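Sequence positions in the sequence shown follow my numbering and run 3 to 340.
One structure below.
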Amino acid sequence: MNFLPGAEVDLRGSNTLGLPAIAQWCTDIQDTADLPATLDFARSRGLAIRVLGGGSNVVLPERLPGLTLRMRSRGIALLEETSLAYVVRAAAGEPWHPFVLHCHQQGWHGLENLALIPGTVGAAPIQNIGAYGLELAHFVQEVRGVDTQSGEPRTLDAAACGFGYRHSVFKGSLAGRLLITDVVFALPRAASPVTHYAALAAELSGLAAPDHADVLAAVIAIRRRRLPDPDLLPNAGSFFKNPVVSSAEFWQLEARWPGIAHWPQEDGRVKLAAAWLVERCGWKGYREHGVGVHEAQALVLVNFGAGTAAALLALARRIQDSVLQRFGLGLEIEPVLC
Ligand SMILES: Cc1cc2nc3c(=O)[nH]c(=O)nc-3n(C[C@H](O)[C@H](O)[C@H](O)COP(=O)(O)OP(=O)(O)OC[C@H]3O[C@@H](n4cnc5c(N)ncnc54)[C@H](O)[C@@H]3O)c2cc1C
């Protein structure tokens with residue numbers, strides 16, 4: 003039993019934006035066997051439960067009331083090999099990128115496009131992480147967890163997870179209700195490398211028949227080139243979601259703004275590049291009050307060291323206002339505002 007909650011715990015090192023934040027109570031969950039005692043502790047004191055993985059998709063306030071659980075549980079197991087798929091279970095606290103590498107090395111393919119995304123396995127379903135033409139939803143068989151109020155175990159199959167673009171039931175009706183302990187993946191035996199995403203296709207253009215190892219190397223190379231490393235420049239990746247509009251709305255926008263960056267969707271709608279919109283409003287490289295917009299990536303807000311959540315959110319609001327005024331489009335913040 004490792005359950006030792008600390009009081010007034012500094013979380014600056016537990017969020018990739020490096021924002022100053024103090025948790026009223028905090029404990030690391032190394033072993034899910036500790037969860038009943040942890041939830042009892044919270045219940046007996048009337049404390050709300052908050053869950054943190056790697057802190058790479060949150061904006062933490064300066065003070066977090068309640069009990070914050072940092073998921074550090076580990077373990078990866080091949081549960082089953084069927085004629086169609088490798089069924090693999092990973093504990094919530096497993097760091098995501100090493101998990102992707104492990105699967106690749108075992109010959110369990112499919113996750114390569116999602117390499118180098120920061121954070122943990124347990125957080126991956128929350129916003130249905132996606133990159134370079136693939137989303138997590140493609141591979142999830144079930145999500146296992148514990149109800150934060152009753153302590154009862156719950157298992158949701160993929161359909162019950164309500165996955166959408168950077169969305170799931172865990173951000174919707176179950177927000178704050180389910181502590182994810184494990185994710186079970188079905189990785190297809192016949193997974194073909196997915197290379198259609200433009201930047202990835204360009205990176206692989208010299209290869210006649212790229213394989214999974216080529217995709218993995220290409221995704222890592224592109225990400226290292228394009229995205230600021232949070233260890234060097236604190237950030238939470240994309241700060242805004244790409245807005246999705248109807249084709250009719252898109253035609254109107256394109257007539258007014260030729261060259262507007264976009265990706266047609268399978269359902270006929272069109273996803274617009276939020277980075278393009280933010281850049282056209284002149285924000286790239288902007289700085290104020292210790293925070294700013296990355297000089298090469300208009301979608302990435304950064305903390306230059308002295309930033310606070312208040313300064314960051316004030317800047318985000320001004321960016322949202324300017325995009326709304328200029329393009330008539332509302333930008334939604336991607337990280338979870340805790
Ligand atoms: C440089 C950079 C690049 C990024 N690139 C991408 C990208 O390409 N695609 C993409 O989709 N995202 C990207 N992200 C965002 C982020 O990495 C992902 O959303 C990631 O899944 C967050 O994992 P985390 O463990 O850090 O979650 P946290 O930030 O710790 O938590 C995020 C949310 O999930 C909840 N949560 C975490 N763990 C659990 C759990 N076990 N049970 C219940 N709730 C939980 C938290 O309460 C919070 O609401 C990027 C971030 C950075 C910093």
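Every residue, glycine too, gets a C-beta built ideally from N, C-alpha and C.
Treat the numbers as computed from the prediction; the structure is a model and nothing was measured.
Would the beta-carbon of L181 be found less than 8 Å away from any heavy atom of ligand 1? Yes, the beta carbon of L181 sits closer than 8 Å to at least one heavy atom of ligand 1.
In the structure shown, what three-state DSSP assignment does S194 receive? It is coil, neither helix nor strand.
My assumption, with CB atoms under 8 Å, is that P127 sits in contact with V145. Please give the rounded CB distance. Indeed they touch by this definition, with Cβ atoms about 5 Å apart.
Any heavy atom of ligand 1 inside 8 Å of the beta-carbon of P63? It does not: the Cβ of P63 is nowhere closer than 8 Å to a heavy atom of ligand 1.
Quick check on the burial criterion: 16 or more other C-beta atoms within 10 angstroms. Buried or exposed for H198? It is exposed - the Cβ of H198 has fewer than 16 other Cβ atoms within 10 Å.
Under the three-state reduction of DSSP, which class applies to R227: helix, strand or coil? The answer is helix: DSSP assigns R227 an H, G or I state.
Using a threshold of 8 Å, is the CB atom of D231 nearer than that to any non-hydrogen atom of ligand 1? Distance from the C-beta of D231 to the nearest heavy atom of ligand 1 is below 8 Å.
Cutoff 9 Å: G57 Cβ touching any chain D Cβ: You won't find chain D in this structure, because it holds only one protein chain.
Looking at I335 and W285, is the spacing between their C-beta atoms short of 9 Å? Judged by their CB atoms, W285 and I335 are not nearer to each other than the 9 Å cut-off.
Going by other Cβ atoms of all chains shown within 10 Å of its Cβ, with 16 needed for buried, is W253 buried or exposed? Exposed, since its Cβ has fewer than 16 Cβ neighbours within 10 Å.
Nonlocal neighbours in the same chain, by C-beta distance under 7 Å from A300, ignoring five residues either side: A277, V280, E281, W285 and K286, listed in sequence order.
State buried or exposed for T34, treating a residue as buried only when at least 16 other CB atoms are found within 10 Å of its CB. T34 comes out buried.
Could you pull the start and end residues of the alpha helix (DSSP H) that R47 belongs to? Per DSSP, the unbroken alpha helix (DSSP H) holding R47 starts and ends at L37 to R47.
Q108 versus R191, L331, P63 and V295, residue with shortest Cα-Cα distance: Minimum Cα distance to Q108 is reached at R191.
Short of 6 Å in beta carbon distance, which residues of its chain neighbour V247, apart from the five on each side in sequence? Order them along the chain. Beyond the five residues adjoining it in sequence on each side, V247 comes within less than 6 Å, by CB distance, of V272 in the same chain, given in chain order.
Do you know whose CA, among D184, T183 and F165, lies nearest S175's CA? Closest in alpha carbon position to S175, among D184, T183 and F165, is F165.
Presumed contact (8 Å Cβ cut-off) between L69 and W27, rounded CB distance: Right, their Cβ atoms sit about 4 Å apart.
Residues that D12 bridges to, as DSSP identifies them: In the DSSP assignment, D12 is bridged to I24.
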